[in-house]
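Letter by letter, the sequence shown follows residues 80 to 376 in this note's numbering. From the three backbone atoms N, C-alpha and C, an ideal C-beta is built for every residue, glycine too. Remember, it's a predicted structure, so these values are computed and weren't measured experimentally. This report refers to the structure that appears directly beneath it.
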Amino acid sequence: MTAEEPTIALIGPGAIGTTVAAALHEAGRTPVVCGRSPRAQLELRDDAGSVIVPGPVRTDPAGIARTADLVFVAVKTTQTEAAAPWLSALCGAETVVCVLQNGVEQEELVSPYAKGGPVLPSVVWFPAQAQPDGSVWLRGDARLTVPDNPAGAVVAEALRGTRCSVELAADFKSVTWRKLLQNAAAGLMVLTGRRTGMFARPDIAELSLAYLRECLEVARAEGAALGDEVPREILGSFQAYPPDMGTSILADREAGRPLEWDIRNGVVVRRGRAHGISTPISDLVATLLAAASDGPG
């Protein structure tokens with residue numbers, strides 16, 4: 080990174096963005112934070128206390144005077160197009176853009192809005208939840224996985240020594256598809272309106288395993304090296320969470336916001352069809368999530 084400021088910027092100070100901004104701020108690398116709504120500061124809370132990230136949150140891309148070396152994109156995939164003016168203002172030809180979004184199509188979705196620099200996908204593993212007072216509650220350790228390449232090394236260096244650890248993965252495809260299976264199963268919480276405690280029900284556990292095994296077949300066809308044990312491991316992780324744990328897509332449903340149904344669930348249907356794989360559970364889940372998100376009615 081260069082010595083000029085700003086070297087790091089973050090677009091989207093929601094739950095994930097606030098966590099990363101707080102990690103950087105604690106290490107003396109406070110990013111320029113960009114978003115839709117003006118805020119004086121960000122607050123991250125955990126069991127040990129809270130971290131205040133000084134603002135203000137910038138709301139006008141025209142006010143950005145120079146590009147950044149590293150930009151974290153932490154908006155939902157449904158908001159990527161709206162973030163395009165920020166990417167235009169913050170990115171130069173060598174800017175590394177690290178995408179903190181769900182799904183296995185991050186590069187395809189964000190690259191059209193960058194300026195030719197590397198677009199780095201990531202997998203976000205930490206449970207962070209926005210609170211009614213505007214703070215974010217971090218309910219576990221913060222960890223990212225990124226590809227083991229030069230852009231990944233830039234992100235690892237930026238977060239070195241912070242509360243957010245970074246794993247460089249040689250087989251990133253397998254990691255990102257494993258996370259997609261987890262995200263797909265979380266969609267069942269939207270359809271029931273329930274939190275993770277529902278996975279203790281034997282009928283929900285049985286349905287979840289069948290759904291995850293269907294998704295696993297598609298993931299393997301896409302080149303992911305995932306074993307037969309993965310569906311049960313993912314179900315076990317849901318069952319081990321506190322019963323009141325939510326998920327971002329459930330929070331969006333409760334707030335009446337558009338759902339990331341296509342990149343979390345619909346992608347299994349799309350990729351399955353491309354490989355000639357039957358996905359009856361995915362067909363049903365994706366259809367119901369699409370209707371819940373987009374209507375009519």
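Handout entry: Per-residue burial, residue 360 [other beta carbons within 10 Å of its own, 16 or more giving buried]
Key = By the neighbour-count criterion, in which 16 or more other beta carbons inside 10 Å mark a residue as buried, residue 360 falls on the buried side.
Practice task
Sort out for me which residues DSSP pairs residue 151 with in a bridge.
Solution key: Under the DSSP definition of a beta bridge, residue 151 partners with 89 and 177.
Problem - From 295, 284 and 260, residue whose alpha carbon lies closest to that of residue 354 - result: It is 295 whose Cα lies nearest to the Cα of residue 354.
Practice task
Starting from residue 328, trace the beta strand (DSSP E) both ways and give me its first and last residue.
Solution key: Segment 327–333 is the alpha helix (DSSP H) holding residue 328; no beta strand (DSSP E) there.
Handout entry: Coarse secondary structure for residue 340, derived from DSSP in three states
Key = The answer is helix: DSSP assigns residue 340 an H, G or I state.
Handout entry: Nearest residue (CA-CA) to residue 38, options 113, 105 and 267
Key = What the structure shows of the chain is the stretch from 80 to 376, and residue 38 is not part of that stretch, so it cannot be assessed.
Practice task
Please confirm if the region 180–187 is in contact with the region 247–262, defined as three or more CB-CB distances below 8 angstroms between the two stretches.
Solution key: Counting Cβ pairs under 8 angstroms, three or more are found: they touch.
Handout entry: Where residue 82 falls, given that 16 or more other Cβ within 10 Å makes a residue buried
Key = Only weak support is given to the placement of residue 82: the predicted model assigns it a pLDDT of 45, under 50, and the question is left unresolved by the model.
Practice task
Between the Cα of residue 160 and those of 265, 238, 372 and 90, spot the shortest distance and give me the residue it belongs to.
Solution key: Closest in alpha carbon position to residue 160, among 265, 238, 372 and 90, is 90.
Handout entry: C-beta contact flag for residue 338 and residue 287 at 7 angstroms
Key = Cβ distance not < 7 angstroms, so residue 338 and residue 287 don't count as in contact.
Practice task
Please name the residue or residues paired with residue 271 in a DSSP beta bridge.
Solution key: In the DSSP assignment, residue 271 forms no beta bridge with any residue.
Practice task
Return yes when the Cβ of residue 162 is within less than 7 angstroms of the Cβ of residue 154, no when it is not.
Solution key: Taking 7 angstroms as the cut-off, the Cβ atoms of residue 154 and residue 162 count as close.
Problem - Under 7 angstroms between C-beta atoms of residue 274 and residue 216 - result: The Cβ-Cβ distance between residue 274 and residue 216 does not fall below 7 angstroms.
Problem - Classification of residue 249 by the beta-carbon crowding that lies within 10 angstroms, buried from 16 upward - result: Counting of Cβ neighbours within 10 angstroms places residue 249 among the exposed residues, the total staying below 16.
Exercise for the section: Output yes or no for whether 7 angstroms exceeds the beta carbon distance between residue 136 and residue 88. Expected result: A distance of 7 angstroms or more separates the beta carbons of residue 136 and residue 88.
Exercise for the section: Can you grab the Cα-Cα spacing for the pair residue 80 / residue 148, in whole Å? Expected result: With a pLDDT of 45 at residue 80, under the threshold of 50, the modelled position of this residue cannot be trusted; read the value that follows with caution. Looking at the two C-alpha atoms, the distance is approximately 6 angstroms.
Exercise for the section: Assign residue 84 to one of two classes, buried (16 or more other C-beta atoms within 10 Å of its C-beta) or exposed (fewer than that). Expected result: For residue 84, the predicted structure reports a pLDDT of 43, less than 50, and the residue's modelled location is therefore unreliable. The matter cannot be settled from this model.
Problem - Terminal residues of the beta strand (DSSP E) in which residue 133 lies - result: Secondary structure note for residue 133: its beta strand (DSSP E) is the uninterrupted segment 128–133.
Practice task
Put residue 360 into one of helix, strand or coil per three-state DSSP.
Solution key: Note: residue 360 maps to helix in three-state DSSP.
Problem - Length of the line joining the Cα atoms of residue 292 and residue 228 - result: Residue 292 and residue 228: Cα-Cα distance of roughly 31 angstroms.
Exercise for the section: Name the residue from 347, 351, 262 and 348 whose alpha carbon lies nearest to the alpha carbon of residue 329. Expected result: Nearest of 347, 351, 262 and 348 to residue 329, Cα basis: 262.
Practice task
In the DSSP assignment, find the alpha helix (DSSP H) that holds residue 299 and state where it starts and stops.
Solution key: 281–300 is the span of the alpha helix (DSSP H), which, as asked, contains residue 299.
Practice task
At 4 residues or longer, and completely inside the region 215–269: list those alpha helix (DSSP H) runs for me, N to C.
Solution key: Counting only runs of 4 or more, we get 229–237.
Handout entry: Spatially closest choice to residue 167 from 199, 141, 186 and 188, by CA coordinates
Key = Nearest of 199, 141, 186 and 188 to residue 167, Cα basis: 141.
Exercise for the section: Decide if residue 363 is buried, meaning its Cβ has at least 16 other Cβ atoms within 10 Å, or exposed. Expected result: Residue 363 should be labelled exposed.
Exercise for the section: Would you mind working out which of 107, 369, 95 and 375 sits nearest residue 237, comparing C-alpha positions? Expected result: Looking at the Cα atoms, 107 is the closest of the given residues.
Handout entry: Rounded separation between residue 145 and residue 157 - CA only
Key = Rounded to the nearest angstrom, the two C-alpha atoms are 27 angstroms apart.
Practice task
State the beta-bridge partners of residue 373 as determined by DSSP.
Solution key: According to DSSP, residue 373 bridges with nothing at all.
Exercise for the section: Could you check the C-alpha separation between residue 112 and residue 356 for me, to the nearest Å? Expected result: Those two C-alpha atoms are separated by around 43 angstroms.
Handout entry: Same chain only: Cβ atoms within 8 angstroms of residue 234, ignoring 5 sequence neighbours per side
Key = For residue 234, where only same-chain residues beyond five positions count, the Cβ hits under 8 angstroms are 149, 175, 177, 199, 201, 223, 225 and 245.
Handout entry: CB-CB length for residue 119 against residue 242, believed under 8 angstroms
Key = Contact between residue 119 and residue 242 is ruled out by a C-beta separation of about 22 angstroms, above the 8 angstroms threshold.
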